[in-house]
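J.:
Residue numbers (my numbering): 235 to 364.
1. For the beta strand (DSSP E) that residue 322 lies in, which residues bound it at each end?
2. Take residue 328 and list the residues in its own chain whose beta-carbon comes closer than 6 angstroms to its own, dropping the five residues that flank it on each side.
3. Just the Cα atoms here: how many angstroms apart are residue 275 and residue 250?
4. Between residue 321 and the ligand GDP, is there a pair consisting of the residue's CB and a ligand heavy atom that are separated by less than 7 angstroms?
5. Do the stretch 268–288 and the stretch 296–313 touch if we need at least three Cβ pairs shorter than 8 angstroms?
6. Given that a residue counts as buried once 16 or more other Cβ atoms are within 10 Å of its Cβ, and exposed if not, what is residue 259?
What follows is the structure, given as structure tokens:
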């Protein structure tokens with residue numbers, strides 16, 4: 235799928251999320267929305283990985299792992315929530331995932347409110363070399 239731009243890709247992903255939210259509404263656990271979004275992404279013939287594990291290091295020692303909900307086409311990180319309101323901590327988590335996975339664009343999608351909530355995330359370009 236080399237001919238699709240990242241913006242077209244994010245629109246497709248958001249469209250899939252809108253379809254899921256329209257069908258289910260709010261009130262389900264996050265995992266239900268993950269499963270439904272996976273079905274919609276497959277219908278769109280988008281390549282994705284779910285719960286792709288990334289190690290967390292502290293002073294060169296692995297101290298744990300993190301998992302983004304979806305990495306779509308190796309270009310967009312998608313993090314799902316099912317909360318009443320997105321908080322700063324959710325945005326911070328999404329931005330941290332972009333840095334960890336070295337992906338420039340992300341979507342934070344909240345299925346928990348009465349209308350679908352989508353935040354576009356962009357990885358900070360760090361000019362420092364060390």
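Beta carbons: idealized from backbone N, C-alpha and C, even for Gly.
T.: To lay it out plainly:
1. That residue, residue 322, is in no beta strand (DSSP E); its alpha helix (DSSP H) goes 322–335.
2. Residues 313, 340, 342 and 355 of the same chain have their beta carbon placed closer than 6 angstroms to that of residue 328, with the five preceding and five following residues left out of the count.
3. 7 angstroms
4. Here there are no bound small molecules, and the ligand GDP is not part of this structure.
5. Yes, the stretch 268–288 touches the stretch 296–313.
6. By the C-beta density criterion, residue 259 is exposed, having fewer than 16 other C-beta atoms within 10 angstroms.
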